[in-house]
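Chemist: The working numbering puts the first residue of the sequence shown at 365, with every later residue one more than the last. Note that the Cβ used here is the ideal one computed from N, Cα and C, for glycine as well. Since we're looking at a predicted model, the values are computed, not measured.
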Amino acid sequence: MRFYADLHIHSKYSRATSKDCDLENLSFWGRKKGITVIGTGDFTHPAWFDEIKEKLVPAEPGLFRLRNDIEKQVTRDLPGSCHGATRFMLSVEISTIYKKGDKTRKIHHLIYAPTLQQAALISQKLGRIGNIKSDGRPILGLDSRHLLEIVLEAGEDCYLVPAHIWTPWFAVLGSKSGFDSISECYGDLAAHIFAVETGLSSDPEMNWRISDLDRYRLVSNSDAHSPAKLGREACIFTTDLDYFSMRQALETGKGYAGTTEFFPEEGKYHMDGHRKCRVRLSPEESRELDGICPACKKPLTLGVLHRVQELADRTGEERPENTDPFVSLVPLPEVIAETEQVGPNSKKVAKEYERLLCKLGAELAILNDIPLEEIRNLSGSSLIPEAIARMRAGDVTREAGYDGKYGRIKLFREDELKRDTTIALFDLERESSTTRQKEQDKPPKK
Numbered sequence: 365m366r367f368y369a370d371l372h373i374h375s376k377y378s379r380a381t382s383k384d385c386d387l388e389n390l391s392f393w394g395r396k397k398g399i400t401v402i403g404t405g406d407f408t409h410p411a412w413f414d415e416i417k418e419k420l421v422p423a424e425p426g427l428f429r430l431r432n433d434i435e436k437q438v439t440r441d442l443p444g445s446c447h448g449a450t451r452f453m454l455s456v457e458i459s460t461i462y463k464k465g466d467k468t469r470k471i472h473h474l475i476y477a478p479t480l481q482q483a484a485l486i487s488q489k490l491g492r493i494g495n496i497k498s499d500g501r502p503i504l505g506l507d508s509r510h511l512l513e514i515v516l517e518a519g520e521d522c523y524l525v526p527a528h529i530w531t532p533w534f535a536v537l538g539s540k541s542g543f544d545s546i547s548e549c550y551g552d553l554a555a556h557i558f559a560v561e562t563g564l565s566s567d568p569e570m571n572w573r574i575s576d577l578d579r580y581r582l583v584s585n586s587d588a589h590s591p592a593k594l595g596r597e598a599c600i601f602t603t604d605l606d607y608f609s610m611r612q613a614l615e616t617g618k619g620y621a622g623t624t625e626f627f628p629e630e631g632k633y634h635m636d637g638h639r640k641c642r643v644r645l646s647p648e649e650s651r652e653l654d655g656i657c658p659a660c661k662k663p664l665t666l667g668v669l670h671r672v673q674e675l676a677d678r679t680g681e682e683r684p685e686n687t688d689p690f691v692s693l694v695p696l697p698e699v700i701a702e703t704e705q706v707g708p709n710s711k712k713v714a715k716e717y718e719r720l721l722c723k724l725g726a727e728l729a730i731l732n733d734i735p736l737e738e739i740r741n742l743s744g745s746s747l748i749p750e751a752i753a754r755m756r757a758g759d760v761t762r763e764a765g766y767d768g769k770y771g772r773i774k775l776f777r778e779d780e781l782k783r784d785t786t787i788a789l790f791d792l793e794r795e796s797s798t799t800r801q802k803e804q805d806k807p808p809k810k
């Protein structure tokens, strides 16, 4: 079967997360987004682990589902078009901070386990090292290599994926506190790493420029801190619905169909800059300034694109021999917000979002799977199908994020939406045949 998985999320017990990040809301929004497998996140937190044990029951091998009575309550409030299955995989993000070489290293890691017993064993060992009760994403003074060793000792089916590997502050290849390679970070156990998470500010095409990453499967997840952010990035599997088949797909590539991505410019660490100074620079511009902010004269935050260029040993035109496909998407609320010329959190967007889900099905299907003609026939809008056509064709305007500030992807020129509606719709319809042809001619990137 073909399905979407979002395997990096957080619960209500992590800092800076929504109080709605409980299992019921995660399942509810997972179905609206069209995600079949969701990471539980935060399984080392005692209170969250108690909720997992209370509310989830075993499903397919290594996966869990909501208890029947809770499942019925969740399903009752969903549109009939979003009644697909939802499963949970035991997961947690661990932050390690330690001194190695001449640097303080701050690395985030994703850990997965197929059983409650193995998850509990990992938690017990980590609990002896540091405080795992204060935050769903605990911070431990532990070398990355030793964390991997603890995961492997919990059972051969447990595995670790380096999280959002390019983020400047907290990542294995980050500019502020990372390493220059995965093997340098994990040492003699590095061979047990078979996948890396690219993060919101990079896409696979950027990662293809580093030949050292060819050996790893590139995965993408939302890192959601609220249920509504689920699925903004996701992995696509064509395996049986079980933990072990998914793990094997990440190891071998068989049954792994790639990722859905942010346009990397939308990520909040894509470019260099200083948010407080409102300074955004390309890597070339910041190099000319020796990495110093022209406004405050302090060091710039060097973004993901800069760091990729530093480690790259290929040009942008070169490709590895084997790659997995990916598509770049804009979240549906942002698509609607642009066509309505309102904020993505407005009531108008929420109403239209629910209407589209009732008519067409889950969000990821609307953005990536449903034929455009069907969307045109059922959406009741001319602008939204055109926006999706442009997004699928990559025909977008990109305002890159930097230093913690999200970027913005625009699907229309400002003058297109400001003109008289009748004229604008006529022009868009006239232009859409070209956009549709671009989409048909453009295969998923590989």
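(1) Within 8 angstroms, do at least three Cβ pairs link the region 628–639 to the region 766–776?
(2) Take every Cβ of the region 425–438, pair it with every Cβ of the region 605–613, and state whether three or more of those distances are shorter than 8 angstroms.
(3) Assess, as a yes-or-no matter, whether the region 665–675 is touched by the region 741–750 under the definition of 3 or more beta carbon pairs within less than 8 angstroms.
(4) Determine the extent of the beta strand (DSSP E) in which L645 is found, giving its start and end residues.
(5) In whole angstroms, what separates the C-alpha of D370 from that of S498?
(6) With V713 as the anchor, note down where its beta strand (DSSP E) starts and where it stops.
(7) Can you round the beta-carbon distance between I402 and K419 to whole angstroms, since I take them to be within the 8 angstroms contact cut?
(8) Starting from G637, trace the beta strand (DSSP E) both ways and give me its first and last residue.
(9) Three-state secondary structure (DSSP) at G771?
(10) Quick check: what's the CA-CA separation for T460 versus M755?
(11) Which same chain residues, not among the five before or five after A729, have their C-beta less than 8 angstroms away from its C-beta?
(12) Give the DSSP-derived three-state secondary structure of M755 in the structure shown.
(13) How about the region 574–589 and the region 613–627: do they share at least three Cβ pairs that are nearer than 8 angstroms?
(14) Taking only three categories from DSSP, how would you classify L442?
(15) Per DSSP, what kind of secondary structure is M365 in: helix, strand or coil?
(16) Using the beta-carbon count (16 or more within 10 Å), is Q481 buried or exposed?
(17) Skipping 5 residues on each side, what residues in its chain have a beta carbon closer than 6 angstroms to that of M570?
(18) Could you tell me the alpha carbon to alpha carbon distance between R311 and A751, rounded to whole angstroms?
(19) When the Cα atoms are used, what is the spatial distance from S378 to G631?
(20) When the Cα atoms are used, what is the spatial distance from D384 to R651?
(21) With burial defined as no fewer than 16 other Cβ atoms inside 10 Å of the residue's Cβ, what is the status of T616: buried or exposed?
(22) Is it the case that the region 585–593 contacts the region 433–449, given that we only count it when at least three CB pairs across the two stretches are under 8 angstroms?
(23) Return the first residue and the last residue of the beta strand (DSSP E) that I458 is part of.
(24) Counting pairs of Cβ atoms below 8 angstroms between the region 535–552 and the region 487–498, do you hit three or more?
(25) Sorted by chain position, which residues of the same chain lie with C-beta nearer than 8 angstroms to R366's C-beta, five sequence neighbours on each side aside?
(26) Between the C-alpha atoms of K661 and R644, what's the straight-line distance to the nearest angstrom?
(27) Go through its chain and collect everything with a Cβ distance to L506's Cβ below 6 angstroms, but skip five positions before and after it.
(28) When you compare only the Cα positions, how much space is there between S375 and K417?
(29) For a test of the three-state rule: what should DSSP assign to H589, helix, strand or coil?
(30) Please classify S409: is it buried, with 16 or more other beta-carbons within 10 angstroms of its beta-carbon, or exposed?
(31) Give the straight-line distance between the Cα atoms of P684 and T562, rounded to the nearest whole angstrom.
(32) Check for me: the alpha helix (DSSP H) holding L490 runs from which residue to which?
(33) How many whole angstroms separate the CB atoms of G500 and D406, which I take to be in contact at a CB cut-off of 8 angstroms?
(34) Can you pull the DSSP bridge partners for E561?
(35) Within 10 Å of its beta-carbon, does A753 have 16 or more other beta-carbons around it, so buried, or fewer, so exposed?
(36) E569 lies in the alpha helix (DSSP H); which residues open and close that run?
Modeler: So, from the listed chains and residues:
(1) Yes, they touch.
(2) In this structure the region 425–438 lies against the region 605–613, because at least three pairs of beta carbons, one per stretch, are closer than 8 angstroms.
(3) With a cut-off of 8 angstroms, the region 665–675 and the region 741–750 do not count as touching, because too few Cβ pairs lie within range.
(4) Annotation: the continuous beta strand (DSSP E) that includes L645 extends over 643–645.
(5) Going from the Cα of D370 to the Cα of S498 covers about 25 angstroms.
(6) V713 -> not in any beta strand (DSSP E); alpha helix (DSSP H) instead, spanning 711–724.
(7) K419 and I402 do not touch by the CB rule: their CB atoms are close to 13 angstroms apart, not below 8 angstroms.
(8) Taken as a continuous stretch (DSSP letters only), the beta strand (DSSP E) holding G637 covers 636–638.
(9) Three-state result, G771: coil.
(10) When rounded, the distance between both Cα atoms is 37 angstroms.
(11) For A729, the CB contacts under 8 angstroms within the same chain, skipping 5 residues up- and downstream, are G398 in chain order.
(12) Residue state, collapsed to three classes: helix.
(13) Touching, yes.
(14) Reduced to three states, the DSSP call for L442 is coil.
(15) Shown here, M365 sits in coil according to DSSP, grouped into three states, outside any helix or strand.
(16) Exposed, by the Cβ-count rule.
(17) If we look at M570 and ignore the five residues flanking it on each side, its Cβ neighbours are V672.
(18) Because the chain in this structure spans residues 365 to 810, residue 311 falls outside the shown range and cannot be described.
(19) Cα-Cα distance, rounded: 21 angstroms.
(20) About 43 angstroms.
(21) With fewer than 16 Cβ atoms within 10 Å of its Cβ, T616 is classed as exposed.
(22) Counting C-beta pairs closer than 8 angstroms gives fewer than three between the region 433–449 and the region 585–593, which falls short of the contact rule.
(23) Residues 451–464.
(24) Look at the beta carbons and you see the region 535–552 not touching the region 487–498: under three pairs across the two are nearer than 8 angstroms.
(25) The beta carbon of R366 is closer than 8 angstroms to those of I600, F601, T602, A621 in its chain, skipping five residues each way along the sequence.
(26) Put simply, the backbone Cα of K661 is about 14 angstroms away from that of R644.
(27) T460, I493.
(28) Roughly 14 angstroms separates the two Cα atoms.
(29) The answer is coil: DSSP assigns H589 none of H, G, I, E or B.
(30) Per the sequence shown, residue 409 should be read as His rather than Ser. The Cβ neighbour count for H409, taken over all protein chains shown within 10 Å, is at least 16; the residue is labelled buried.
(31) Distance between the alpha carbons of P684 and T562: 16 angstroms.
(32) Taken as a continuous stretch (DSSP letters only), the alpha helix (DSSP H) holding L490 covers 480–491.
(33) Here G500 really is in contact with D406; their C-beta atoms are around 3 angstroms apart, less than 8 angstroms.
(34) In DSSP, E561 forms a bridge with V583.
(35) Burial check for A753: the Cβ neighbour count within 10 Å reaches 16 or more, so the residue is buried.
(36) From DSSP, the alpha helix (DSSP H) with E569 extends over 568–571.
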